[in-house]
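Take the sequence shown: its position 37, counted from the start at 1, is 36 in numbering that gives the first Met the number 0, and no numbers get skipped. Beta carbons are placed, not taken as given, at the ideal position from N, Cα and C, and that holds for glycine.
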Amino acid sequence: MTSIEFAKAVKTSLAQRAAYICSNPACRCLTITLVGGDANKVVYRGRAVAICGAEGAPRFDAGMRSNQRKGIENAIFLCAKCTDVINRSKGIHYPASLLRDWKEQHKKWVRTHLNLRPDAPAAPGWRPAHAALRETGAAAANVACTK
Numbered sequence: 000m001t002s003i004e005f006a007k008a009v010k011t012s013l014a015q016r017a018a019y020i021c022s023n024p025a026c027r028c029l030t031i032t033l034v035g036g037d038a039n040k041v042v043y044r045g046r047a048v049a050i051c052g053a054e055g056a057p058r059f060d061a062g063m064r065s066n067q068r069k070g071i072e073n074a075i076f077l078c079a080k081c082t083d084v085i086n087r088s089k090g091i092h093y094p095a096s097l098l099r100d101w102k103e104q105h106k107k108w109v110r111t112h113l114n115l116r117p118d119a120p121a122a123p124g125w126r127p128a129h130a131a132l133r134e135t136g137a138a139a140a141n142v143a144c145t146k
């Protein structure tokens, strides 16, 4: 076996944690798009890619147990194009350490740029609309994210 098939729950959770955005910092494309004008149909181009591969595959780590290889900690969310590029390199240009760095960077990027809850850190200089509401007492319709 040279590839890892992640459980559906792992794939779904990984995609959600990545906000359906490719974790490659040079790409960051959205991996879901609407098909034509039908709001019920989407094209999904996201992939769960093993950071450390199965035996005989790129980035194999003999120290990992089978259940660790199939866990979410060993998966990174990428678009189909980045997945193909990484797989074609056979791990030479994309070592496990690089993929782990991308995953961690993406986690921070999502939290900083997309998750603007009051208890989550926001990008420097930005604050969510609800923070401005608390400070000014302004009506919600008149408040937008401010810099």
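Which term fits residue i, buried or exposed, when burial requires 16 or more other beta carbons within 10 angstroms of its beta carbon?
i      : result
His105 : buried
Val203 : Since the displayed the chain opens at 0 and closes at 146, residue 203 lies outside it and no answer follows.
Ala138 : Residue confidence for Ala138 is low, a pLDDT of 40 falling below 50, so the modelled location carries little weight; the figure read from the coordinates is stated next. So Ala138 ends up on the exposed side.
Ala17  : buried
Gly62  : exposed
Ala74  : buried
Ser2   : exposed
Gly36  : exposed
Lys102 : buried
Ala8   : exposed
Leu33  : exposed
Arg58  : buried
Leu98  : buried
Along the chain, where does the alpha helix (DSSP H) containing residue i start, and where does it finish?
i      : result
Leu33  : Where Leu33 is concerned, there is no enclosing alpha helix (DSSP H), although the beta strand (DSSP E) it sits in stretches over 31–34.
Ser12  : 7–16
His112 : 95–112
Ends of the beta strand (DSSP E) at residue i?
i     : result
Asp60 : It is not in any beta strand (DSSP E) - Asp60 carries neither H nor E in the DSSP assignment.
State the beta-bridge partners of residue i as determined by DSSP.
i     : result
Arg46 : Leu77
Ile20 : Leu29
Glu41 : Note that residue 41 is Val in the sequence shown, not Glu. Per DSSP, Leu33.
State the CB to CB distance for the pair residue i and residue j, rounded to an integer number of angstroms; the pair is presumed to be in contact (CB under 8 angstroms).
i     : j     : result
Ala79 : Cys51 : Rounded, the Cβ-Cβ distance is 21 angstroms, inconsistent with contact.
- the segment 39–48 contacting the segment 8–16, beta-carbon criterion three pairs below 8 angstroms: yes
- Task: Give a yes or no on contact between the segment 21–28 and the segment 63–72, applying the rule of three or more CB pairs nearer than 8 angstroms.
- Result: no
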